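>
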Amino acid sequence: MNKLYLVIPCYNEEEVLSETAKRLKAKMNALIAAERISPASRIVFVDDGSQDGTWTMIEKLHASDPLFAGIHLARNRGHQNALLAGLMQVKEHADAVISLDADLQDDIDAIDEFVARHDEGFDIVYGVRRAREKDSRFKRTTAQSFYKLMRLMGAELVYNHADYRLMSRRALDGLAEFGETNLFLRGIVPLIGYPSAAVEYERSERFAGESKYPLRKMLSFALEGITSFSIKPIRMITTLGFFIFAVSLVMLGYFLSIHFAGRTVPGWTTIAISVWAIGGLQLLGIGVIGEYIGKTYLETKARPKFIVERVIGMAEFVDR
Numbered sequence: 149m150n151k152l153y154l155v156i157p158c159y160n161e162e163e164v165l166s167e168t169a170k171r172l173k174a175k176m177n178a179l180i181a182a183e184r185i186s187p188a189s190r191i192v193f194v195d196d197g198s199q200d201g202t203w204t205m206i207e208k209l210h211a212s213d214p215l216f217a218g219i220h221l222a223r224n225r226g227h228q229n230a231l232l233a234g235l236m237q238v239k240e241h242a243d244a245v246i247s248l249d250a251d252l253q254d255d256i257d258a259i260d261e262f263v264a265r266h267d268e269g270f271d272i273v274y275g276v277r278r279a280r281e282k283d284s285r286f287k288r289t290t291a292q293s294f295y296k297l298m299r300l301m302g303a304e305l306v307y308n309h310a311d312y313r314l315m316s317r318r319a320l321d322g323l324a325e326f327g328e329t330n331l332f333l334r335g336i337v338p339l340i341g342y343p344s345a346a347v348e349y350e351r352s353e354r355f356a357g358e359s360k361y362p363l364r365k366m367l368s369f370a371l372e373g374i375t376s377f378s379i380k381p382i383r384m385i386t387t388l389g390f391f392i393f394a395v396s397l398v399m400l401g402y403f404l405s406i407h408f409a410g411r412t413v414p415g416w417t418t419i420a421i422s423v424w425a426i427g428g429l430q431l432l433g434i435g436v437i438g439e440y441i442g443k444t445y446l447e448t449k450a451r452p453k454f455i456v457e458r459v460i461g462m463a464e465f466v467d468r
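Quick look at the structure:
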């Protein structure tokens, strides 16, 4: 039987953690009783530098049942880094790892199907939302636009997939080969290339607490994904520059012709619009280029993506 580890990043999740632990424990015990996974399987909560009592709750859960384990990061590093920390810390102990959020929006009954697909030989199993009827119209529209934009930019995203997935130990070893600082796991995992499958599920409302992804963070996450996986924005600026240069040559010919024809007019409106348009495009271009330069700067520093302060329920690991 395979050892299955669940990795759950947590940031200020004390309101929902007890219920999450209760439901996941029931699911894991059912799979163990059915002899579908090993009794050595674990539920691992990764505390991403929470400011509330999340880590204290994780410690109590471990003290009450060895099924629970915990990883405490030295400081808040963001969802993607916390998730990566958990995956890298457990990959030598597990045959397969499922990552999911702590808010109980991911349907934990889909874990049975994840395990079945892994038993069939798939190294990566993606959890894919069946529909988005429960989302607001704004969120549904922006999410669909994001996936389409990422595809247009050349990123190999799985449509309607977030970070609810199963990865085998071999797939995790492949993930460890990607050393980039700017993490966008939804785009990195498909690049591993091992056999994959998808499991559809219904996403529920958050059980308790507030969403950790307000609009500002969602926009930042989208920008991170686009600039981490495509240089097309820079190429678009180059193409736009050539287009504007061509238009300027045409306009130059036009202005010279009316000048020599003696039909010169003040043209204040044209000049004003041109100055504002070109100025705006220049600032936009500088901003996009600066985004890429900033990412290159961060990559060259090679700072650690996370530092683990404490591990409970597993052998201590060396910080990565």
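Numbering (the numbering used here), first residue to last: 149 to 468. Heads up, the beta-carbon is just placed ideally off N, CA and C, and yes, glycines get one too. Only a predicted model underlies this, so the values are computations on that prediction, with no experimental measurement involved.
Return the residue from the list G201, D260, R225 and A230 that minimises the CA-CA distance to A178.
Minimum Cα distance to A178 is reached at D260.
> Whose C-alpha, out of G201, A279 and Y440, is nearest the C-alpha of D254?
When the alpha-carbon of D254 is set against those of G201, A279 and Y440, the nearest one is in A279.
> Using only alpha-carbon positions, find the residue among I336, P381 and R277 that is nearest to L429.
P381
> What does the alpha-carbon distance come out to for the pair E268 and G435?
47 angstroms
> Within 8 angstroms, do at least three Cβ pairs link the segment 302-319 to the segment 232-247?
As far as the Cβ criterion goes, the segment 232-247 touches the segment 302-319, which means the pair count is three or higher.
> Quick one: what's P157 bridged to in DSSP?
V194
> Quick one: what's E348 bridged to in DSSP?
V276
> Looking at C-alpha atoms only, which residue of S352, I336 and D195 is the closest neighbour of F454?
The option with the nearest alpha carbon to F454 is D195.
> Measure how close the beta-carbons of G335 and L300 come, nearest whole angstrom, since I'm counting them as under 8 angstroms.
Rounded, the Cβ-Cβ distance is 14 angstroms, inconsistent with contact.
> Between which residues of its own chain and A169 is the CB-CB distance below 6 angstroms, once the five residues before and five after are set aside?
L209
> Any chance you could list the beta strand (DSSP E) runs of at least 3 consecutive residues sitting entirely within the segment 240-278, in chain order?
Taken in chain order, the complete beta strand (DSSP E) segments of 3 or more residues contained in the segment 240-278 are 244-247 and 272-277.
> I need the straight-line Cα distance from V459 to F391, nearest angstrom please.
56 angstroms
> Any idea if Q228 is buried or exposed, counting beta-carbon neighbours within 10 angstroms, 16 or more meaning buried?
Under the 10 Å beta carbon count, Q228 is surrounded by 16 or more other beta carbons and is classified as buried.
> Let me know the secondary structure DSSP gives V459 once reduced to three states.
Looking at V459 - three-state DSSP - the assignment turns out to be strand.
> I need the DSSP call for Y188, collapsed to helix, strand or coil.
The question names Tyr, but residue 188 in the sequence shown is Ala. Reduced to three states, the DSSP call for A188 is coil.
> Quick one: residues in its chain with C-beta nearer than 7 angstroms to the C-beta of V466, no 5 flanking neighbours on either side, listed in chain order?
Here V466 scores only 38 on pLDDT, less than 50, and its place in the model should not be relied on; the value that follows carries that caveat. No residues qualify anywhere along the chain.
> Please list the terminal residues of the continuous beta strand (DSSP E) segment that includes A217.
F216 to L221
> Going straight from the alpha carbon of V347 to that of G275, what length do you get?
5 angstroms
> Comparing alpha-carbon positions, which option in T448, V192, I185 and S186 lies nearest E328?
T448
> Are the Cβ atoms of E163 and S198 separated by less than 9 angstroms?
no
> Could you tell me the alpha carbon to alpha carbon distance between I426 and P157, rounded to whole angstroms?
I426 and P157: Cα-Cα distance of roughly 45 angstroms.
> Starting from the Cα of S422, find the closest Cα among G461, Y307, A217 and V395 and give me that residue.
V395
> Quick one: residues in its chain with C-beta nearer than 8 angstroms to the C-beta of K239, no 5 flanking neighbours on either side, listed in chain order?
V245, R317, L320, D321 and A324
> Can you list, in chain order, the residues of its chain with a C-beta nearer than 6 angstroms to that of R184? Leave out the 5 residues immediately preceding and following it.
V263
> From F270, W203 and R225, pick the residue whose C-alpha is nearest to that of L331; which is it?
R225
> Do you know how far the Cα of R351 is from the Cα of L231?
Approximately 20 angstroms, taken between the alpha carbons.
> Could I get the ranges of all uninterrupted alpha helix (DSSP H) runs contained in the segment 291-334, with 4 residues as the minimum, in chain order?
317-324
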